[in-house]
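If you read the sequence shown in numbering that gives the first Met the number 0, its first letter stands for residue 0, the second for the next number, and so on.
Don't be surprised by glycine CBs; every beta carbon is placed ideally from N, CA and C.
For clarity, every value in this text was computed on a predicted model and none was experimentally measured.
These notes concern the structure reproduced below.
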Amino acid sequence: MDTVLLITILVVFCALAFDFINGFHDTANAIATSVSTKALTPRRAIILAAVMNFVGAMTFTGVAKTISKDIVDPFTLQNGSVVILAALIAAITWNLITWYYGIPSSSSHAIIGSIAGAAIAAAGFGALHYSGFLKIIYGLLLSPILAFAVGFIFYNIIKMLFKNSNLTKTNNGFRKVQVVTAAFQAYSHGTNDAQKAMGIITMALIANGYTDSTDIQLWVQVSCALAMGLGTSVGGWKIIKTVGGKIMKIRPVNGVSADLTGASVILGASVLGIPVSTTHVITSSILGVGASHRLKGVKWGTAKTMLITWCITLPISALLAALTYFVLNLFL
0 MDTVLLITIL VVFCALAFDF INGFHDTANA IATSVSTKAL TPRRAIILAA VMNFVGAMTF
60 TGVAKTISKD IVDPFTLQNG SVVILAALIA AITWNLITWY YGIPSSSSHA IIGSIAGAAI
120 AAAGFGALHY SGFLKIIYGL LLSPILAFAV GFIFYNIIKM LFKNSNLTKT NNGFRKVQVV
180 TAAFQAYSHG TNDAQKAMGI ITMALIANGY TDSTDIQLWV QVSCALAMGL GTSVGGWKII
240 KTVGGKIMKI RPVNGVSADL TGASVILGAS VLGIPVSTTH VITSSILGVG ASHRLKGVKW
300 GTAKTMLITW CITLPISALL AALTYFVLNL FL
């Protein structure tokens, strides 16, 4: 088999594996609050999330195009196929490490940092498209801040509207609404996270001469959507436990507020073609709602641990990818 074809097949396989792992790593993003409040049983929540992740992944391609062309130029990237393979291996490794320890780190940070690290290892810092890369970094940094602020404001509005309502009846009503908001959350997750693997496969197809366009081919979109949906169906119980209970005690009204906030911010980013970390956005939404509900009720120690992980993911994944590139380059 020709070496170029072999590497392309390896990239596609690893990209789908990344999407699958992203699915079970980030299942908590969509369903942790609904499971925590018992709005949905774990089994039903995971099935709902898997289906809506698939639907979301089939809806948009803007984020995929951003990934395929805004970090590096796939048409001119030196040793491009090996760069992409190294990035995927590094991102998968980091995702599995953080999943094992139950830390809700960002798959988006991992893959973006890995692409940058492998590209720099191959062709130096000049390989990066700084305008596009910085746009992505700004999106990753600003979206959690926006989610925190929107969650804080939104929950204050909810409190004001329902301040004279019976607490038990209100919670029962919000528990039913949360089935819909969990579905919306899972849909928005698919519109952004599944796109990243689509963009990576498209980069590999361009780098190896199998296409001359950044348009996302249908087979790429369907295969990535399926991988994400299947990964989601497996579930990531360690991270669900962290997001669903270790940040704050979540009640149905909190869950609805956090779901709507997170889903709205993520979907807005997808419409604009901006890749964001769904983990960061949804966790920040919960923190914003929690701070609005009762500042002391938020377990800031858990939030601090997650923040540290968020900060180190980009540099660690970049370093892992650079080392992986050097190793692969010895054999390919």
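Margin query: Quick check: the Cα distance between glycine 300 and methionine 197, rounded to an integer number of angstroms?
Written below: In the sequence shown, residue 300 corresponds to position 301, counting from 1. In the sequence shown, residue 197 corresponds to position 198, counting from 1. The alpha-carbon atoms of glycine 300 and methionine 197 are separated by roughly 36 angstroms.
Notebook entry, point to check: Helix, strand or coil: how does DSSP classify valine 275 here?
Noted result: Translated into the one-based positions of the sequence shown, residue 275 becomes position 276. Coil.
Check: Rounded to a whole number of angstroms, what is the C-alpha to C-alpha distance between isoleucine 111 and valine 288?
Finding: Here residue 111 refers to the residue found at position 112 when the sequence shown is read from its first residue. Here residue 288 refers to the residue found at position 289 when the sequence shown is read from its first residue. Roughly 28 angstroms between the two C-alpha positions.
Margin query: If I follow the unbroken alpha helix (DSSP H) through arginine 42, where does it start and stop?
Written below: Your numbering for residue 42 matches position 43 in the sequence shown. Taken as a continuous stretch (DSSP letters only), the alpha helix (DSSP H) holding arginine 42 covers 41-56.
Notebook entry, point to check: Going straight from the alpha carbon of glycine 116 to that of alanine 262, what length do you get?
Noted result: Position 117 of the sequence shown, counted from the first residue, corresponds to residue 116. Position 263 of the sequence shown, counted from the first residue, corresponds to residue 262. So the alpha carbons of these two residues sit roughly 30 angstroms apart.
Note to self: By the three-class DSSP mapping on this structure, what secondary structure does leucine 127 have?
What the structure shows: Translated into positions along the sequence shown, residue 127 becomes position 128. Three-state DSSP puts leucine 127 in a strand.
Notebook entry, point to check: What residues match up with valine 71 in a beta bridge as DSSP calls it?
Noted result: Stepping through the sequence shown from its first residue, residue 71 is reached at position 72. Beta-bridge pairing links valine 71 to Leu127.
Checklist line | Nearest candidate by alpha-carbon position, reference glycine 267, set Thr213, Gly189, Asn94 | finding: Counting from 1 along the sequence shown, the entry for residue 267 is found at position 268. Among Thr213, Gly189, Asn94, the Cα nearest to that of glycine 267 is on Gly189.
Notebook entry, point to check: Would DSSP call aspartate 214 helix, strand or coil?
Noted result: Residue 214 sits at position 215 when you count from the first residue of the sequence shown. Coil, per DSSP.
Next item on the list: Can you say whether phenylalanine 59 is buried or exposed, counting buried as having 16 or more other CB atoms within 10 angstroms of its CB?
Entry: Mapped onto the sequence shown, residue 59 falls at position 60. When all chains shown are included, phenylalanine 59 counts as buried.
Item checked: Nearest candidate by alpha-carbon position, reference isoleucine 200, set Thr7, Thr2, Asp1 -> Position 201 of the sequence shown, counting from 1, holds the residue named residue 200. Taking only the C-alpha atoms, the option nearest isoleucine 200 is Thr7.
Check: Does the separation of the CB atoms of proline 251 and glutamine 177 fall below 8 angstroms?
Finding: By one-based count along the sequence shown, residue 251 stands at place 252. By one-based count along the sequence shown, residue 177 stands at place 178. Yes, Cβ-Cβ distance for proline 251 and glutamine 177 is below 8 angstroms.
Notebook entry, point to check: Do the stretch 121-130 and the stretch 67-75 make contact, defined as three or more Cβ pairs closer than 8 angstroms?
Noted result: yes
Item checked: Nearest-angstrom Cα separation, counted from leucine 95 out to asparagine 207 -> One-based indexing of the sequence shown puts residue 207 at position 208. One-based indexing of the sequence shown puts residue 95 at position 96. Those two C-alpha atoms are separated by around 28 angstroms.
Next item on the list: Hey, could you find the ends of the alpha helix (DSSP H) glycine 116 is sitting in?
Entry: Taking the sequence shown and counting its residues from 1, one reaches residue 116 at position 117. Glycine 116 -> alpha helix (DSSP H) spans 106-122.
Check: Can the beta-carbon of leucine 139 be found less than 8 angstroms from the beta-carbon of serine 276?
Finding: Position 140 of the sequence shown, counting from 1, holds the residue named residue 139. Position 277 of the sequence shown, counting from 1, holds the residue named residue 276. Taking 8 angstroms as the Cβ cut-off, leucine 139 and serine 276 qualify as a contacting pair.
Next item on the list: Please state whether DSSP places arginine 174 in a helix, a strand or coil.
Entry: Within the sequence shown, residue 174 is the residue found at index 175, counting from 1. DSSP places arginine 174 in helix when its eight states are reduced to three.
Notebook entry, point to check: Buried or exposed: threonine 312, going by 16 or more other Cβ atoms within 10 Å of its Cβ?
Noted result: In the sequence shown, residue 312 corresponds to position 313, counting from 1. Classification of threonine 312: buried, given that the 10 Å Cβ count is 16 or more.
Notebook entry, point to check: To which residues of the same chain is serine 291 closer than 6 angstroms at the C-beta, ignoring the five residues directly before and after it?
Noted result: By one-based count along the sequence shown, residue 291 stands at place 292. For serine 291, where only same-chain residues beyond five positions count, the Cβ hits under 6 angstroms are Phe151, Tyr154, Asn155.
Note to self: Using 8 angstroms as the threshold, is the C-beta distance between threonine 278 and serine 105 below it?
What the structure shows: Against the sequence shown, residue 278 aligns to sequence position 279. Against the sequence shown, residue 105 aligns to sequence position 106. Yes. Within cutoff.
Margin query: Report the CB separation of valine 34 from proline 41 in whole angstroms; it is logged as a contact under 8 angstroms.
Written below: Along the sequence shown, read from residue 1 onward, the residue named residue 34 stands at position 35. Along the sequence shown, read from residue 1 onward, the residue named residue 41 stands at position 42. Rounded, the Cβ-Cβ distance is 5 angstroms, consistent with contact.
Check: Could you give the C-beta distance for lysine 195 and valine 62, rounded to a whole number, given that I count them as a contact under 8 angstroms?
Finding: As a first step, residue 195 must be located in the sequence shown, where it is residue number 196. As a first step, residue 62 must be located in the sequence shown, where it is residue number 63. That pair is a contact at about 7 angstroms.
Check: Is the Cβ-Cβ distance between threonine 231 and glycine 22 less than 8 angstroms?
Finding: On the sequence shown, position 232 is the one that residue 231 refers to. On the sequence shown, position 23 is the one that residue 22 refers to. Yes, these two residues count as a Cβ contact at 8 angstroms.
Notebook entry, point to check: Would you say methionine 227 and aspartate 258 are within 8 angstroms of each other, going by their C-beta atoms?
Noted result: Your numbering for residue 227 matches position 228 in the sequence shown. Your numbering for residue 258 matches position 259 in the sequence shown. Contact: no.
Check: Under 8 angstroms, do alanine 118 and valine 264 count as touching if we go by C-beta distance?
Finding: As a working note, residue 118 is residue 119 in the sequence shown. As a working note, residue 264 is residue 265 in the sequence shown. Cβ atoms of alanine 118 and valine 264: not closer than 8 angstroms.
Margin query: Excluding the 5 residues flanking isoleucine 88 on each side, which residues of the same chain have their C-beta closer than 6 angstroms to its C-beta?
Written below: Position 89 of the sequence shown, counting from 1, holds the residue named residue 88. For isoleucine 88, where only same-chain residues beyond five positions count, the Cβ hits under 6 angstroms are Thr323.
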